[in-house]
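Everything on this sheet refers to the single structure shown next.
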Amino acid sequence: MAESKFSNRRIFIKKIVLAGISIPILNSFSFLNKKTRSKKITILHTNDMHSHIDSFPENHSRHPGMGGMRRIASLVKKIRSEEKNVVLIDAGDIFQGTPYFNKFKGSLELKIMSSMGYIASTMGNHDFDNGINGFKEVLHHANFPFICSNYEFSDSEMIKKTRKYLVREMDGIKIGFLGLGIELEGLVGKDYYGETKYLDPLNTSNYWSNYLKNKEKCDLVICISHLGHKYKNNKISDLRLAKLSKNIDVIIGGHTHTFLEKAKIIKNLENKNVIVNQAGWGALALGRIDLEFSKNNGKSNSLSVSDVSKKNYAKI
Amino acid sequence: MVKIYYKFSILIATYSILTLSCQGYKIADANSYIIDIDKNVSEEEFKEIELSKYRDSISKEMDKVINHCSITMEVGCPEGLLGDFISDLSILYIRKKFPKNEFNPDFCILNNGGFRSTLNKGSITIGDIFQIMPFDNHLLILEIKGKEMNDLIKYIKDKSTTNISRKSGVPLSGIRLKISGDKVNRCMISNKMYNPLKTYKVLTTNYLASGGDDMIFFKNCKTLLNTKLLLRDVIIRYIEELGKNNIKINAQFDGRVQVLQ
Numbered sequence: 095m096a097e098s099k100f101s102n103r104r105i106f107i108k109k110i111v112l113a114g115i116s117i118p119i120l121n122s123f124s125f126l127n128k129k130t131r132s133k134k135i136t137i138l139h140t141n142d143m144h145s146h147i148d149s150f151p152e153n154h155s156r157h158p159g160m161g162g163m164r165r166i167a168s169l170v171k172k173i174r175s176e177e178k179n180v181v182l183i184d185a186g187d188i189f190q191g192t193p194y195f196n197k198f199k200g201s202l203e204l205k206i207m208s209s210m211g212y213i214a215s216t217m218g219n220h221d222f223d224n225g226i227n228g229f230k231e232v233l234h235h236a237n238f239p240f241i242c243s244n245y246e247f248s249d250s251e252m253i254k255k256t257r258k259y260l261v262r263e264m265d266g267i268k269i270g271f272l273g274l275g276i277e278l279e280g281l282v283g284k285d286y287y288g289e290t291k292y293l294d295p296l297n298t299s300n301y302w303s304n305y306l307k308n309k310e311k312c313d314l315v316i317c318i319s320h321l322g323h324k325y326k327n328n329k330i331s332d333l334r335l336a337k338l339s340k341n342i343d344v345i346i347g348g349h350t351h352t353f354l355e356k357a358k359i360i361k362n363l364e365n366k367n368v369i370v371n372q373a374g375w376g377a378l379a380l381g382r383i384d385l386e387f388s389k390n391n392g393k394s395n396s397l398s399v400s401d402v403s404k405k406n407y408a409k410i
Numbered sequence: 291m292v293k294i295y296y297k298f299s300i301l302i303a304t305y306s307i308l309t310l311s312c313q314g315y316k317i318a319d320a321n322s323y324i325i326d327i328d329k330n331v332s333e334e335e336f337k338e339i340e341l342s343k344y345r346d347s348i349s350k351e352m353d354k355v356i357n358h359c360s361i362t363m364e365v366g367c368p369e370g371l372l373g374d375f376i377s378d379l380s381i382l383y384i385r386k387k388f389p390k391n392e393f394n395p396d397f398c399i400l401n402n403g404g405f406r407s408t409l410n411k412g413s414i415t416i417g418d419i420f421q422i423m424p425f426d427n428h429l430l431i432l433e434i435k436g437k438e439m440n441d442l443i444k445y446i447k448d449k450s451t452t453n454i455s456r457k458s459g460v461p462l463s464g465i466r467l468k469i470s471g472d473k474v475n476r477c478m479i480s481n482k483m484y485n486p487l488k489t490y491k492v493l494t495t496n497y498l499a500s501g502g503d504d505m506i507f508f509k510n511c512k513t514l515l516n517t518k519l520l521l522r523d524v525i526i527r528y529i530e531e532l533g534k535n536n537i538k539i540n541a542q543f544d545g546r547v548q549v550l551q
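Chains as they are written, first to last, in the working numbering: chain P, 95 to 410; chain B, 291 to 551.
Set out below in structure tokens:
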């Protein structure tokens, strides 16, 4: 009896030893077999869609018959059928630009985006065009959150319904989001934004990206920005933010209606790469960033995009 | 022996748990594309939210032809035909609608950033005007004088001399400026020389009146009249009225803002 107990224990110990040894061994094998162990996240992004649900009119001087959220929706559907982990985000200015907004106050745009499966958006200056109250009135049509890290709302409902950050896990990859809005004074009428306070985007993004990377231990930190891609002066922009950041991996931009041929790669304060992208306006383009992830070898605590290959950055 | 074995195994197990737990993921490779949304991409119908019903209700109104345009009008700096046309018609329409002398605006100032499209040569539909002026901004008459008026003239000078985007230049009516280098040489308002001591009546939108597009000088100005008329409705009604009288839409440059090198 005693012996059988002993031998049971022995088997148990053997199992533990085996498990203890085999896990690191399996891990080391996985480095050789990277393909099967790596994971892929596909970021799809839009910005400044400005209520362009349908394509531009056929007589439009620059974009006849082009664009439209309906087309983006079908393309997103197709990509979802090919890719396992799709992260669909928008960088603001959903509202204003076609009669759909004038007539239905933005409710239709939000219904469509909810049906398309957006994970998050941030507020652009034109999303204030019917005032804070107008935004609040249609917000319930959105099944995705608005992330406004650097707007401090005085309105209690806005405080409740918007978020400072968001964490989502997808296929074992932990993704942290923050959202940055542009300075409202001089751009949006005071009556429209009311007592909303604009906080410094650099300080705010440093705070939240540090929180997401180091406290929440996110594998990927995405900043959704409506600051604008680039300015001639020192005004804060996506490129400037990327340069002065530490913990942001990807910046998805808007506001300046910038059509990039390929994403920009910017070295941050710690000489790590930050991917900065923007997809024009008016639902005329869809941005796509495919990220391959491998297990972090534990040697460095922070995750970097230093291995980004530039060769495939191209317009398709 | 067993005891040592046991301890050793716990050590290894702990080690492997530790190595596992500190392993996150890192980006190993990245590729990006910008995909143009052209006619080759099919269009989702969104039957579940009955999008076609919304569209039908809108297109009935938007497709209505209200007049014809003889020339393509675009924004411009220091002067654009579209800005000339819309600021002129705004002041004409408001003068007609509010004939009392106390409301008669001396000049009108708008912003090119507010005009989101071009008025194309050919037939004009209501939808075209929505494309140009999608904002639900209404027209106001404000009183302006002294420092604020000086700031307004400086604003026009700065925006007219730096042509950096389609938002450059200022749509104006009832005011004429000659700018030489960094100086305003001549400023005429309602055909009279600008008088720094006079209080002027300016027609503008509620967006600009609340300090939009950096027109912060308006923030301290008293509102004389809220017309409660949307700028877009004013444009539509004006164009429609001319159409009923068989007058086509036209405009030409008249050098209201001149920048001399």
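By construction, the Cβ of each residue, glycine as well, lies at the ideal position given by its N, Cα and C atoms. The model shown is predicted, which means the values in this text are computed figures rather than measured ones.
By alpha-carbon distance to isoleucine 356 of chain B, the top candidate from B/Glu364, B/Pro461, B/Asn391 and B/Asp418 is B/Asp418.
Shown here, leucine 378 of chain P sits in coil according to DSSP, grouped into three states, outside any helix or strand. Of all residues in the stretch 387 to 413 of chain B, those with a C-beta nearer than 8 angstroms to a C-beta of chain P are Arg406, Ser407, Thr408, Asn410 and Gly412, reading in chain order. The beta carbon of serine 360 of chain B is closer than 6 angstroms to those of Lys538 and Asn540 in its chain, skipping five residues each way along the sequence. Take the alpha-carbon of glycine 228 of chain P and the one of lysine 447 of chain B: they are about 35 angstroms apart. Taking 9 angstroms as the upper bound on Cβ-Cβ separation, chain B lies near residues Gly266, Ile267 and Lys268 of the stretch 251 to 271 of chain P. Taken in chain order, the complete alpha helix (DSSP H) segments of 4 residues or longer contained in the stretch 159 to 220 of chain P are 163 to 176, 193 to 198 and 201 to 210. With respect to the 7 angstroms criterion, leucine 274 of chain P and serine 299 of chain P are classified as neighbours on the basis of their beta carbons. Considering only P/Pro239, P/Ser175, P/Asn328 and P/Arg257, the residue with the shortest C-alpha distance to tyrosine 245 of chain P is P/Arg257.
If you check the CB distance, isoleucine 381 of chain B and leucine 493 of chain B come in under 7 angstroms. A distance below 8 angstroms between beta-carbons, with the five flanking residues on each side excluded, links glycine 266 of chain P to the following residues of its chain, in chain order: Lys133.
Asparagine 219 of chain P places its beta carbon 7 angstroms or farther from that of leucine 272 of chain P.
At the C-beta level, lysine 284 of chain P and serine 500 of chain B come within 7 angstroms of one another. DSSP places tyrosine 445 of chain B in the uninterrupted alpha helix (DSSP H) bounded by 436 to 451. Contact of serine 303 of chain P with chain B is not assigned, every C-beta pair being separated by 7 angstroms or more. Listed in chain order, the positions of the stretch 443 to 466 of chain B with a beta carbon within less than 7 angstroms of a beta carbon of chain P would be empty, since no residue qualifies. By the 16-neighbour rule on beta-carbons within 10 angstroms, lysine 358 of chain P is buried. DSSP, reduced to helix, strand and coil, places lysine 255 of chain P within a helical segment of the structure shown. Serine 303 of chain P sits in a helix when the DSSP states are folded into three classes.
The DSSP-derived three-state label of alanine 499 of chain B is helix. From the beta-carbon of valine 365 of chain B, no residue of chain P is found nearer than 7 angstroms; the closest lies around 12 angstroms away.
Assignment of beta-bridge partners to leucine 467 of chain B by DSSP yields B/Cys477 and B/Val547. With respect to chain B, the C-beta atom of phenylalanine 189 of chain P has no partner C-beta closer than 7 angstroms. When 8 angstroms is used as the limit between beta carbons, methionine 352 of chain B is near these residues of chain P: Pro193, in chain order. Using a Cβ distance threshold of 7 angstroms, leucine 385 of chain P and isoleucine 324 of chain B do not count as a contacting pair.
In this structure, P/Leu169 is the residue among P/Ile188, P/Leu169 and P/Phe189 with its C-alpha nearest to the C-alpha of valine 180 of chain P.
Chain order gives no chain B residues near serine 248 of chain P, where near means a beta carbon separation below 9 angstroms; the closest approach is about 17 angstroms.
Setting aside the 5 residues that flank it on each side, glutamate 433 of chain B is surrounded in the same chain by Thr489, Lys491, Cys511, Lys512 and Leu514, each with a C-beta closer than 7 angstroms to its C-beta; the list follows chain order. Among the bridge pairs identified by DSSP, valine 261 of chain P is matched with P/Gly270.
Under the Cβ distance rule, glutamate 177 of chain P does not count among the residues neighbouring chain B, no pair being separated by less than 7 angstroms. When 7 angstroms is used as the limit between beta carbons, alanine 318 of chain B is near these residues of chain P: Ser132, Glu386, Phe387, Ser388 and Asp401, in chain order. Within the stretch 371 to 405 of chain B, the complete beta strand (DSSP E) runs of at least 3 residues fall at 397 to 399.
Only those residues of the stretch 272 to 305 of chain P whose C-beta falls short of 9 angstroms from the nearest C-beta of chain B are listed: Glu279, Gly280, Leu281, Val282, Gly283, Lys284, Asp285 and Tyr286. Contact annotation, threonine 451 of chain B with isoleucine 469 of chain B: C-beta distance approximately 6 angstroms; criterion of less than 8 angstroms satisfied. Residues Arg406 of the same chain have their beta carbon placed closer than 7 angstroms to that of proline 424 of chain B, with the five preceding and five following residues left out of the count.
For glycine 228 of chain P, no beta strand (DSSP E) segment is defined; the enclosing uninterrupted segment is the alpha helix (DSSP H) at 225 to 233.
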